[in-house]
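First the structure, in the form of structure tokens, and then the observations on it.
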Amino acid sequence: MKALKHLNKYFLKYRYRLIIGVIITIISKIFALFTPRLVGASINVVSDYLDGNISKAIFKSELLTNVIYLVGAAVIAGLFTFLMRQTIINVSRYIEYDLKNEIYKHYQVLSLSFYKSNRTGDLMNRISEDVGKVRMYVGPAIMYTINTITLFAVAVIYMADRSPSLTLYTLLPLPILSVAIYKLSRLINHRSTIVQQSLSTLSTFSQETFSGISVIKSYGIEPRTNAEFETLSAENREKQINLTKVQALFFPMMILLIGISNLIVIYVGGMQYMNGKIEHIGTIAEFIIYVNMLTWPVATVGWVTSLVQQAEASQERINEFLNTEPEIKNTVDELTPIKGDIEFKHVSFVYPDTNIEALKDVSFSLKSGQTLAILGKTGSGKSTILDLIGRLYDIDKGSILIDNTNITDLNLSSLRESIGYVPQDAFLFSDSIRNNIMFGKEDATENEVIDAAKNARVHKNIIGFSKGYDTILGERGITLSGGQKQRVSIARAIIKKPDILLFDDCLSAVDTETEEKILKNLIKLTKDKTTIIVSHRISSAKNADQIIVLEDGKIIESGNHESLINTDGYYKELYMKQLSEKEM
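Numbering (our numbering) for the sequence shown: 602 to 1185.
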């Protein structure tokens, strides 16, 4: 139960609702347990009338009174049972809501390395399937536990009042039940963990398949992926069946033990009645009803135990992620205004998940309003510089200064809110084009959205769609072409009007003519903004105030366009090559 201690804060939060639920449960069970006593009393009245001990008038009067009380008790018990479910089950939904939000918020603050080492399907499974298992613990499991304890406490008192010895005989099978529950619950816990892990694997495979469906279809490997899915499904089925086999032992065992209790009541009670130890025959009927009323609560002991074990296994998996500390921590609470001065001082960085040294002793400085272009071969460390400015990672050596302040001493929210970032792989959400652009500025007006789209040279494409800006995109923006996705992503960044703009090779899928038009618009928009452009094209870099060329994480060339084309090196070679391609 260690893992489930995490939920104590929620029980404390909703303690008043739970206390009311417990009180309602006790009241409902007290009224429900009037039934056996009234039935027993009615049988005794019939017996007394048949024996001639009471008159017909008294017989009718007492029997009618018992029936009225019986109906009244049943109605009141039913009403309070309804209120019990409304109270306790609602609490489980509140806790489910809170827990999902807690997990989601924690996911948001975890570092990129966490997402590189964990699969999306597993993350989704823990916030859905695992939380669902936990909800069954904080709702039905707790409700039926309270229900069972209350029913047993009240029923045993009533039974002992009628016949202590018969009560003792009736409850004899319960120790056997306790031992059986203990043995089986350990198996359930182990097999539940295996099942949840298997579900995570299945979810991950499905998510990756649907995300990469265009690749699967283009390579014609549907039969292979179907076979792999069938294999995973078969494995999951076997694990689910193994769990169900153990769970299936509970209910037959409960019914068997209740049946034995009924036989004991009939035999022992009958013998005691014949020997005069029990005065009224109605007491035996009363005990039989008590035992059968306890049938479901006793049966739920096994089910509840199963729920608790599954919840513990799921909460353990949830806690594993909740206990993961974010590598990037916000050390400053006060919001910090950002102007845009950037300086790298002898920065070196190694990716923690791959141990690849991406940057080696990199130094440059950039004043607010200036533009820096970064060129270099694939894997030279260009994108890494942008990631470090957004503090998606913390550096190993050197220092990064923003406005002459170490980046770790800035409020993280202030820093990231001041940045407009266009990634190399443009990511769009499954939402309308308008909302994807407004993602950069939630309160943007329609005119601002259109202006941003025009500056990104994508407005004409958008109005060409039948629903225009209301066009809903497929997953990851699959509805649009590569160039259109990049331009919508640019619009999303510039509508924000940030102090720092980072463009990571975001025009690679755009033709040269469109690129030129976008760059002209960007020059006007970024006059007073610090801008860093990562590119493979000289056309994107030539107007920058400063240009650096990276190779294997080191700066091998730096200067402006004029100085670099007059110096033999990578930049001049790339310039001549692209110039000749353009002339062709």
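By construction, the Cβ of each residue, glycine as well, lies at the ideal position given by its N, Cα and C atoms.
Going by CA-CA distance only, name the one from the options that's closest to residue i.
i	options	result
residue 1101	1109, 624, 1081, 1128	1128
residue 1088	1065, 1059, 1074, 1042	1059
residue 732	716, 744, 695, 755	695
residue 945	962, 1001, 907, 892	1001
residue 763	751, 824, 881	881
residue 969	979, 977, 942, 950	942
residue 661	646, 653, 654	646
residue 1097	1050, 1055, 1121, 1079	1050
residue 905	1053, 979, 745, 668	745
residue 737	697, 765, 715	697
residue 608	1163, 939, 923	923
residue 781	857, 1066, 827	857
residue 692	649, 618, 1147	618
residue 630	1149, 935, 649, 898	898
residue 991	1031, 854, 976, 1099	1099
residue 999	1029, 963, 1064	963
residue 610	802, 791, 1005, 703	703
residue 723	1013, 976, 921, 982	921
residue 1014	1006, 934, 1064	934
residue 627	684, 658, 649	684
residue 798	812, 873, 719	719
Straight-line CA distance for residue i to residue j?
i	j	result
residue 1009	residue 948	14 Å
residue 788	residue 1070	55 Å
residue 713	residue 1026	15 Å
residue 711	residue 758	54 Å
residue 1016	residue 1042	16 Å
residue 994	residue 1151	19 Å
residue 1081	residue 816	16 Å
residue 833	residue 734	22 Å
residue 747	residue 918	27 Å
residue 823	residue 837	21 Å
residue 861	residue 848	21 Å
residue 1174	residue 1109	19 Å
residue 1134	residue 1103	6 Å
residue 721	residue 770	56 Å
residue 666	residue 641	13 Å
residue 580	residue 639	Nothing in the structure corresponds to residue 580, since the chain is present only between 602 and 1185.
residue 1083	residue 1056	18 Å
residue 1048	residue 1040	15 Å
residue 810	residue 846	31 Å
residue 1191	residue 853	The first residue shown for the chain is 602 and the last is 1185, placing residue 1191 beyond what the model contains.
residue 1118	residue 614	57 Å
residue 1061	residue 1031	21 Å
Going by the CB atoms, is the gap between residue j and residue i shorter than 8 Å?
i	j	result
residue 767	residue 883	no
residue 793	residue 911	yes
residue 1092	residue 1038	yes
residue 688	residue 743	no
residue 637	residue 887	yes
residue 972	residue 1145	yes
residue 753	residue 895	yes
residue 546	residue 634	Because the chain in this structure spans residues 602 to 1185, residue 546 falls outside the shown range and cannot be described.
residue 985	residue 1011	no
residue 974	residue 1090	no
residue 1138	residue 1179	yes
residue 604	residue 632	no
residue 909	residue 841	no
residue 844	residue 785	no
residue 749	residue 902	yes
residue 1148	residue 1176	no
residue 800	residue 865	no
residue 965	residue 996	no
Going by DSSP, what residue range makes up the alpha helix (DSSP H) through residue i?
i	result
residue 964	No alpha helix (DSSP H) holds residue 964; the beta strand (DSSP E) holding it covers 958-967.
residue 1189	Given a span of 602 to 1185 for the chain in the structure shown, any question on residue 1189 remains unanswerable.
residue 680	657-710
residue 848	823-849
residue 990	983-990
residue 1055	1047-1056
residue 1198	The chain is shown from 602 up to 1185; residue 1198 falls before or after that span and cannot be answered.
Could you spell out where the beta strand (DSSP E) holding residue i opens and where it closes?
i	result
residue 973	972-977
residue 945	943-951
residue 1021	1020-1023
residue 1150	1147-1152
residue 999	998-1003
residue 933	Careful: residue 933 lies outside any beta strand (DSSP E) and carries neither H nor E.
residue 926	Neither: residue 926 is in no beta strand (DSSP E) and is coded neither H nor E.
Taking contact to mean at least 3 C-beta pairs separated by less than 8 Å, is the region 951-959 in contact with the region 671-679? no
Please determine if the region 1152-1172 and the region 1119-1133 are in contact, where contact requires at least 3 C-beta pairs separated by less than 8 Å. Judged by Cβ distances under 8 Å, the region 1152-1172 makes no contact with the region 1119-1133, as fewer than three pairs qualify.
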